[in-house]
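Written out below as structure tokens is the structure these notes cover.
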């Protein structure tokens with residue numbers, strides 16, 4: 001600056017206008033006004049450490065940092081004051097993954113920045129990045145950015161939106177490949193040292209934070225999506241990054257290497273079976289209607305949840321990402337999604353078949369009320385896929401047309417069914433069911449239909465042309481990644497029930513007719529289509545059927561009031 005009176009001779013470069021400025025003038029202006037004194041662009045005070053070698057209070061970095069001794073490149077000697085053997089395993093992990101634990105210096109003469117380092121040196125202008133924010137949260141969120149700019153931002157020491165990194169792990173496939181992501185992270189591992197920056201300052205404030213963030217990101221990535229690293233190509237790319245990091249953080253690099261080896265071993269192990277209990281109590285008096293009615297409705301709901309969860313947890317992220325379930329060869333591309341969809345549909349048809357197998361009106365009324373109770377319990381234990389399946393059965397044409405049966409339901413069951421139908425309203429795109437799923441705590445089996453639909457809609461990532469640059473819509477990537485992360489978290493939270501093999505076998509062997517025309521014909525033989533008002537005979541028959549169902553419930557409830565305490569599915 002021409003009017004500078006300090007005469008210190010020390011200058012720095014403004015990250016916005018790229019002009020050389022007196023260090024004192026620059027620090028004073030940023031601390032007082034939050035901006036560069038020349039271009040007047042906003043500059044965060046947290047950048048002073050990197051740009052000037054001073055903290056926000058003007059204290060020299062060398063006064064703040066502990067002394068360390070320069071070592072040769074690739075040296076594997078750790079600092080003497082790090083007494084690893086005296087720490088617990090948890091403390092060791094926290095220590096080695098912190099910025100300055102086990103730090104070794106490399107000589108400046110042996111350091112070579114990546115040839116593509118200039119890709120990450122673009123300004124925070126709208127040509128390269130735009131930001132937004134969420135209501136009630138002051139942190140800036142990346143809205144759109146170039147691929148390289150996004151990587152540069154998330155590896156900054158002062159990057160605050162740590163949640164974005166986790167979402168990126170799940171959403172990266174909307175704009176790139178896993179190999180490309182690893183390659184660009186490798187390039188970012190070796191940035192260019194600013195011309196005026198002291199080597200010691202560069203290592204402490206630039207190199208170590210960047211490499212630490214990248215290694216931690218890959219560690220989290222491997223934790224959530226271990227399958228991404230199972231091929232030789234990706235394995236080699238990780239090993240390369242670990243080797244680079246070992247130059248300055250050998251202990252962290254060794255922990256990372258051991259961690260990846262452990263993940264690879266665990267990945268090859270089969271999925272553990274769900275815990276198994278003993279056979280459950282049943283009331284044989286109701287066996288004559290259908291074997292399912294002999295069991296307590298809560299046991300049935302819990303067992304169906306275990307069966308659906310076992311399929312749900314086996315769906316890998318790769319199948320969710322592929323959208324293959326919509327393709328002709330879906331059984332090959334997404335076999336686990338197809339299996340769960342088949343069970344959901346089969347459950348709905350089993351409920352319909354069971355109700356239509358009952359020739360007496362009182363039995364059909366009891367059956368519909370029984371499945372409403374099962375659905376109610378499914379809602380309570382957060383099996384929303386099973387809940388939707390049963391409601392779909394009760395609203396299917398062959399069942400819905402049974403007007404005598406539904407008129408015979410008690411007022412309480414009618415109210416409950418009306419409330420449930422409101423939750424699964426198709427016209428509102430299952431809005432209320434989605435909201436309930438979003439706020440519930442695991443364990444939870446979400447309604448797979450709406451979940452897959454959301455993924456299809458959100459994955460349509462947008463790119464905006466800005467001259468010759470493409471800005472990726474990372475806000476949408478963030479949303480997509482969040483959805484996938486929520487699914488994986490639910491997959492990792494098993495229900496706290498025991499498997500009851502006898503009840504599981506009964507559910508699997510339930511009669512099922514999946515021909516809708518046949519089911520509709522059966523329905524018409526049970527109850528004629530209504531025309532006009534009910535006759536006295538009809539009203540009398542419905543009243544008699546209602547009374548008969550109420551008597552059945554009294555017997556049913558009396559038995560289970562005595563015996564529910566010895567039901568073994570229970571909770572762990």
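Numbering (UniProt numbering), first residue to last: 1 to 572. Don't be surprised by glycine CBs; every beta carbon is placed ideally from N, CA and C.
- Task: Tell me whether the beta-carbon of residue 433 lies closer than 9 Å to the beta-carbon of residue 417.
- Result: no
- Is residue 388 closer than 9 Å to residue 338 when the C-beta atoms are compared? no
- DSSP three-state assignment for residue 157, whether helix, strand or coil: coil
- Look at the Cβ atom of residue 108, then the Cβ atom of residue 247, and state whether they are nearer than 9 Å. no
- In the structure shown, what three-state DSSP assignment does residue 261 receive? helix
- Task: Check whether the Cβ atoms of residue 250 and residue 190 sit closer than 9 Å, and answer yes or no.
- Result: no
- Query: For residue 288, is the classification buried or exposed, using 16 other Cβ atoms within 10 angstroms of its Cβ as the cut-off for buried?
  - Reply: exposed
- For residue 285 versus residue 555, is the C-beta spacing smaller than 9 Å? yes
- Message: For the alpha helix (DSSP H) containing residue 165, name the first residue and the last one.
- Response: 162-171
- To the nearest angstrom, report how far apart residue 233 and residue 151 are at their CA atoms. 21 Å
- Query: How is residue 383 classed by DSSP in three states: helix, strand or coil?
  - Reply: strand
- Write down the C-beta distance between residue 166 and residue 485 rounded to the nearest angstrom, noting that I regard them as a contact closer than 8 Å. 6 Å
- Please report how far the alpha carbon of residue 447 lies from the alpha carbon of residue 274, in whole angstroms. 21 Å
- Task: Assign residue 175 to one of three DSSP states: helix, strand, or coil.
- Result: coil
- C-alpha gap between residue 331 and residue 342, whole angstroms: 11 Å
- Outcome for residue 326 when other beta-carbon atoms lying within 10 angstroms are tallied against a minimum of 16: exposed
- Query: What is the DSSP secondary structure of residue 323, reduced to helix, strand or coil?
  - Reply: coil
- Item | Rounded separation between residue 146 and residue 445 - CA only | 36 Å
- Look at residue 375 and residue 386 and say whether their C-beta atoms are less than 9 Å apart. yes
- Query: In this structure, does DSSP put residue 88 in helix, strand or coil?
  - Reply: With a pLDDT of 41 at residue 88, under the threshold of 50, the modelled position of that residue is not reliable, and the figure given next carries that caveat. Of the three classes helix, strand and coil, the one that applies to residue 88 here is coil, per DSSP.
- Query: Would you report the Cα separation of residue 62 and residue 482, rounded to the nearest angstrom?
  - Reply: Summary for residue 62: the model assigns pLDDT 35, below 50, so the residue's position carries little reliability; its value from the coordinates is reported in the next sentence. One C-alpha to the other measures close to 41 Å.
- Would you call the stretch 406-421 and the stretch 537-549 in contact, with 3 or more CB pairs under 8 Å? yes
- Query: Within 10 angstroms of its Cβ, does residue 58 collect 16 or more other Cβ (buried), or is it exposed?
  - Reply: Confidence at residue 58 is low in this model, with a pLDDT of 43, below 50, so its placement is unreliable and the value that follows should be read with caution. Result: exposed.
- Query: CB-CB under 6 Å to residue 550, same chain, minus the five flanking residues each way: which ones, in chain order?
  - Reply: none
- Task: Tell me whether the beta-carbon of residue 227 lies closer than 9 Å to the beta-carbon of residue 317.
- Result: yes
- Message: From the DSSP secondary-structure annotation, give me the bridge partner or partners of residue 11.
- Response: 22
- Task: Count the CB pairs spanning the stretch 497-506 and the stretch 153-169 that are closer than 8 Å, and state whether there are at least three.
- Result: no
- Query: Is it the case that the Cβ atoms of residue 420 and residue 391 are separated by a distance below 9 Å?
  - Reply: yes
- Between the stretch 173-192 and the stretch 115-122, do at least 3 Cβ pairs fall closer than 8 Å? yes
- By DSSP, does residue 559 sit in helix, in strand, or in coil? helix
- Task: With a cut-off of 8 Å on the beta carbons, I'd call residue 144 and residue 472 a contact; round off their distance for me.
- Result: 6 Å
- By Cβ distance below 7 Å, which residues in the same chain neighbour residue 235 in space, the five residues on each side in sequence not counted? 229
- Query: For residue 350, which residues of its own chain have a beta-carbon under 6 Å away from its beta-carbon, when the five flanking residues on both sides are left out?
  - Reply: 510, 512
- Collapsed DSSP secondary structure at residue 143 in the structure displayed: strand
- Message: Out of 307, 162, 280, which one is the CA nearest neighbour of residue 296?
- Response: 280
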